[in-house]
Amino acid sequence: MKKITLENTYEWEIHSEFMNLPYDIKVAIPSTPPPQAGYPIIYVLDGNAYFSFARDVIRLQSKRAAKTFIDSAIVVGIGHPGDDEAVSKRRFYEFTAPAEAYIYPERLKRFGKKEHGGAERLMKFIQFELKPEIEKHFSVDQQKQALFGHSLSGLFTLWALFTQPKAFQTYLVISPSIWWNDHELYHYANEFLQKTDKQSDVKLFIAVGEHEAFMVNDAKQLFSQLERDFNCSLYIAPEENHASVVPTTISRAFRFAYTR
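Last residue of the sequence shown: 260 (my numbering), numbering continuous.
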């Protein structure tokens, strides 16, 4: 037996000055030459779990883009070093916005409280440290950038849209944790609607599994706030749950990113 190396895929660790933490960065590059404007790019949060899914979807389906509507793109996985417990602690910190207080649902109280409120610093890492590093090494179309997140990282992706809508052109979220901190995200959505140009080209894809109980209603409510004024889509995945919905829905999310 021998180890295999993924074709056109790179990995390195970046230490963020904003977060004072290391990140495991994986980057998959198309095998075809870049367009004149550069490659489209998809930044994938929770890269430990979802980089490989995203890479394979782009690699396989871009070969028949005329049928799949998925073009070649750079895929960047933003991952966390460490074991599952360490990654869980970082997720609760990095993917949640600063707040004066945090309200825990009953189902989480038995796990004890974790540190929260690092979303602003994470966004600075992505914008001012990670993006320049990627663009230094690879040809990127800055007008075709997408951010992808699931669960808590889906919550962060929505928060990023509502607070910095020009950071990306497309925001892709699956099973976002809208419930977090007593649904505080709805307040960010309202502020976003009041301040943002209704003719904005920003795009939002929301998906949730049919069997995700209250998360379905949360997604529906958020979509109803946004659908009148923005290019957004809601997909409820039949027979899927919180764990199964990503691999069965990620292709649909990426097609939405490329559809104009």
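C-beta atoms are modelled at their ideal positions from N, C-alpha and C, and glycine is treated no differently.
The beta carbon of A65 lies closer than 6 Å to those of D71 in the same chain, with the five residues before and after it left out.
By the criterion of a C-beta distance shorter than 6 Å, V27 is surrounded in its chain by Y10 and V76, once the five residues flanking it on both sides are discounted. Residue environment: W180 is assigned as buried (16 or more neighbouring CB atoms within 10 Å of its CB, all protein chains considered).
Sorting A54, M123 and K195 by C-alpha distance to the C-alpha of F168 places M123 at the top. By the 16-neighbour rule on beta-carbons within 10 angstroms, T32 is exposed.
For V75, the pairing in a beta bridge is given by DSSP as A28 and I42. Under the Cβ criterion (8 Å, minimum of three pairs), the region 37 to 44 does not count as touching the region 92 to 103.
Look at T170 here: in three-state DSSP terms it is strand. Looking at the DSSP output, G117 bridges to nothing. Counted as a single uninterrupted DSSP element, the stretch harbouring A97 is not any alpha helix (DSSP H), since DSSP gives it neither H nor E.
Close CB contacts of F256 within its chain, under the 8 Å cut and outside five residues either way in sequence, are with T170, L172, K203, F205 and S233 (chain order). Comparing C-alpha distances from E212 to each of I178, N190 and Q194 shows the shortest one belongs to I178. Under the three-state reduction of DSSP, E11 is assigned to strand. Residue pairing by DSSP puts N231 in a beta bridge opposite K203. Scanning its chain for C-beta atoms nearer than 7 Å, with the 5 sequence neighbours on each side dropped, one finds around Q61 the residues T68, I70 and S251, in chain order.
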